[in-house]
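Every position in the sequence shown, counted from 1, becomes a number in the working numbering once 216 is added. Just so you know, even glycine gets a beta-carbon here, dropped at the ideal spot from N, CA and C. Here the structure is a predicted model, which is why all the values come from computation and not from measurement. Let me begin by presenting the structure, written as structure tokens, before commenting on it.
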Amino acid sequence: MNIDKNFLDYLRDEISEVDYNRYIKHLIYDDKSSMADKIYIIAPNALVQNWVKSRYSQKIKDLLESHYSLIVDVNIVLKNQVSEKKSSKLKPKVQTHSLLNPSHTFENFVVGGSNQFAYAAIKSASEKPGILYNPIFIYGGVGLGKTHLMQAAGNVLQNSSKVVVYTTVEQFLNDFIRHVRNKNMEKFQEKYRKCDVLLIDDIQFLTNKETLQEEFFHTFEALKGEGKQIILTADKHPKKIAGLEKRLQSRFEHGLVADIQPPELETKIAIIKNKCQINKIRLNQEIINYIATVIESNVREIEGILSKLHAYSRLMNIDITLEFTKNILKDQLHENRVNLTLDSITQSVAKDLNLKPSEIRSKSRSKNLVYARRIAIYLCRELTQSTMPQLAQYFNLKDHTAISHTIKKIQELLENDEDFKVKIDELTNKITSSS
Ligand code: ADP
Ligand code: MG
Numbered sequence: 217m218n219i220d221k222n223f224l225d226y227l228r229d230e231i232s233e234v235d236y237n238r239y240i241k242h243l244i245y246d247d248k249s250s251m252a253d254k255i256y257i258i259a260p261n262a263l264v265q266n267w268v269k270s271r272y273s274q275k276i277k278d279l280l281e282s283h284y285s286l287i288v289d290v291n292i293v294l295k296n297q298v299s300e301k302k303s304s305k306l307k308p309k310v311q312t313h314s315l316l317n318p319s320h321t322f323e324n325f326v327v328g329g330s331n332q333f334a335y336a337a338i339k340s341a342s343e344k345p346g347i348l349y350n351p352i353f354i355y356g357g358v359g360l361g362k363t364h365l366m367q368a369a370g371n372v373l374q375n376s377s378k379v380v381v382y383t384t385v386e387q388f389l390n391d392f393i394r395h396v397r398n399k400n401m402e403k404f405q406e407k408y409r410k411c412d413v414l415l416i417d418d419i420q421f422l423t424n425k426e427t428l429q430e431e432f433f434h435t436f437e438a439l440k441g442e443g444k445q446i447i448l449t450a451d452k453h454p455k456k457i458a459g460l461e462k463r464l465q466s467r468f469e470h471g472l473v474a475d476i477q478p479p480e481l482e483t484k485i486a487i488i489k490n491k492c493q494i495n496k497i498r499l500n501q502e503i504i505n506y507i508a509t510v511i512e513s514n515v516r517e518i519e520g521i522l523s524k525l526h527a528y529s530r531l532m533n534i535d536i537t538l539e540f541t542k543n544i545l546k547d548q549l550h551e552n553r554v555n556l557t558l559d560s561i562t563q564s565v566a567k568d569l570n571l572k573p574s575e576i577r578s579k580s581r582s583k584n585l586v587y588a589r590r591i592a593i594y595l596c597r598e599l600t601q602s603t604m605p606q607l608a609q610y611f612n613l614k615d616h617t618a619i620s621h622t623i624k625k626i627q628e629l630l631e632n633d634e635d636f637k638v639k640i641d642e643l644t645n646k647i648t649s650s651s
């Protein structure tokens with residue numbers, strides 16, 4: 217397409233400076249995906265996406281018409297939506313570097329008891345890379361800010377002219393395969409071993425990929441040897457990642473391992489206030505408290521709710537009331553849970569504990585199976601509408617009293633064992649966010 221890559225700069229003169237800096241500045245025109253009658257613009261997150269869609273799509277259209285005489289459809293999409301589209305169209309030929317999300321900054325990150333240790337660790341790495349702690353390993357449940365924090369350090373270091381490589385394990389694997397296939401491993405090694413800072417997200421996906429672990433091990437050693445900062449994230453402590461080579465495990469533990477816990481109520485409230493401020497959403501304290509209480513822990517889910525509230529209230533031109541919020545939340549929670557079945561929950565529990573679903577549903581009384589079965593029963597009861605007799609039948613138990621007994625047991629454990637509670641929260645998060 218014959219459009220200047222930075223054509224959105226033209227909007228700078230047409231809209232408020234605040235909106236420009238907050239939204240338009242972070243958009244990237246996707247030249248590669250755009251077509252004669254359709255252009256794609258990538259937004260860094262759903263909030264920006266919705267905002268731009270509702271307020272500036274038409275302006276962008278007008279701009280293209282006035283500057284380039286083009287009449288096109290303007291699509292504001294998220295990054296993964298573009299790559300999906302591409303892969304369904306053509307085999308992806310070039311793998312682009314994963315870009316850092318510019319809105320993942322330290323300033324935009326709300327610090328509270330649940331994440332302050334991880335925050336301090338990563339902040340120190342952004343100030344003195346490779347010197348204090350190397351590697352830094354951040355672990356915690358889904359949507360708790362691991363990627364955000366790691367990229368915040370990446371953004372700071374990139375701005376001070378360091379060569380920063382951010383990748384997920386999945387992209388690292390694809391990159392690796394492509395270079396092996398094209399027989400140019402030197403290029404691969406140059407990219408990953410010659411950078412100043414390497415950020416690898418979701419390390420748990422290295423599990424059971426021996427060749428990739430081998431390659432990663434050498435990458436790690438090369439960087440570490442030169443005092444280059446490495447930051448890693450995962451959903452659990454290195455020790456708990458099954459199928460990870462011992463030498464990698466011990467190297468990860470050798471640096472600084474910091475966890476991120478689900479945010480406490482006050483932190484959730486602070487996060488909601490922060491997001492409202494950034495996105496100019498007006499909510500009263502009662503609504504804020506309500507959202508913070510209903511959404512258990514996942515910050516991504518909180519963002520989803522806010523952007524939905526905002527979009528609906530704008531489109532329908534009504535104020536956001538508590539009643540309105542309750543309705544939206546009801547839909548959202550229902551939406552999240554509607555796909556959950558006894559099978560899918562049992563499968564997730566089995567996967568998490570390295571068991572087979574059939575083992576969980578068997579009559580075996582072995583200790584680890586009883587443990588897994590109890591968890592599965594509890595989660596099935598919490599996350600589906602199944603009755604106790606239905607659960608008894610599904611899990612091959614005598615009758616519903618066995619189910620109520622199990623649920624009581626788990627509730628007791630949840631009250632008395634903090635580690636167990638975290639584990640169940642994490643699992644719940646995983647199950648509800650993958651459905
Ligand atoms: P994870 O990588 O742990 O799954 P992300 O880093 O992707 O989670 O965070 C999910 C979303 O929640 C992101 O949009 C991120 O900006 C936001 N987020 C998470 N924690 C915080 C926080 N403490 N303050 C502000 N935003 C946060
Ligand atoms: Mg992440």
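Given 7 Å as the limit, tell me if residue i has its C-beta closer than that to any heavy atom belonging to the ligand MG.
i	result
T449	yes
K452	no
D417	yes
Could you say which of the options lies nearest to residue i if we only look at CA atoms?
i	options	result
L643	I503, V565 and C492	V565
S319	A262, I393 and T617	A262
Q387	N584, Q374 and I419	I419
K491	E482, T509, V473 and I518	I518
L472	Q445, I457, D391 and I487	Q445
K275	L545, Y236 and F636	Y236
K583	I488, L569 and C596	L569
L599	L499, V638 and L549	L549
T557	G329, R597, I521 and L428	R597
L595	I623, N632, E233 and I521	I623
I219	H283, K241 and R271	H283
A337	K484, L448 and V586	L448
L629	N400, Y587 and I476	Y587
S250	H242, N533, D289 and A259	D289
N222	Q265, I257 and Q563	I257
Y355	R394, Q563, N398 and I416	I416
A252	Q493, N291, D475 and V264	N291
A508	H526, N533, D535 and T541	T541
V372	Q297, I393 and L316	L316
E668	K339, S330 and G329	With the chain covering only 217 through 651, there is no way to say anything about residue 668.
E426	R498, F392, Y528 and H621	F392
A368	V293, V413, I593 and V396	V413
D451	V385, G357, I534 and V510	G357
Using a threshold of 7 Å, is the CB atom of residue i nearer than that to any non-hydrogen atom of the ligand ADP?
i	result
F421	no
T363	yes
E386	no
R238	no
H283	no
F325	yes
E519	yes
H320	yes
L643	no
G356	yes
G359	yes
I640	no
N505	no
V372	no
R409	no
N261	yes
N490	yes
V515	yes
N159	Nothing can be reported for residue 159: it is not among the residues displayed for the chain, which extend from 217 to 651.
N543	no
N296	no
I487	yes
N495	no
N266	no
Nearer than 7 Å: is that true of the beta carbon of residue i relative to any heavy atom of the ligand SAM?
i	result
S578	Absent from the structure shown: the ligand SAM. Ligands present: the ligand ADP and the ligand MG.
>> Report the start-end ranges of each alpha helix (DSSP H) in the segment 361-443 that is 4 residues or longer and not cut off at the edges.
In response: 362-375, 385-397, 401-409 and 426-441
>> If we require 4 or more residues per run, which alpha helix (DSSP H) segments fall completely within the segment 571-627?
In response: 573-576, 583-599 and 604-610
>> Whether or not the segment 456-472 and the segment 363-373 are in contact is what I'm after, with contact meaning three or more pairs of Cβ atoms, one per stretch, closer than 8 Å; do they touch?
In response: no
> Do the segment 222-236 and the segment 271-279 make contact, defined as three or more Cβ pairs closer than 8 Å?
Replying inline: yes
> How do the segment 540-549 and the segment 571-578 stand: do at least 3 beta-carbon pairs fall below 8 Å, yes or no?
Replying inline: no
> Are the segment 476-484 and the segment 378-393 touching, with three or more C-beta to C-beta distances below 8 Å?
Replying inline: no
> Does the count of Cβ pairs from the segment 600-620 and the segment 432-446 closer than 8 Å reach three?
Replying inline: no
> Do the segment 334-352 and the segment 418-433 meet, that is, are 3 or more Cβ pairs less than 8 Å apart?
Replying inline: no
> Curious, which full-length beta strand (DSSP E) runs of at least 3 residues does the segment 237-321 contain?
Replying inline: 244-251, 254-259 and 289-294
>> Can you confirm whether the segment 263-272 touches the segment 518-528 when touching is taken to mean that 3 or more C-beta pairs between the two stretches lie within less than 8 Å?
In response: yes
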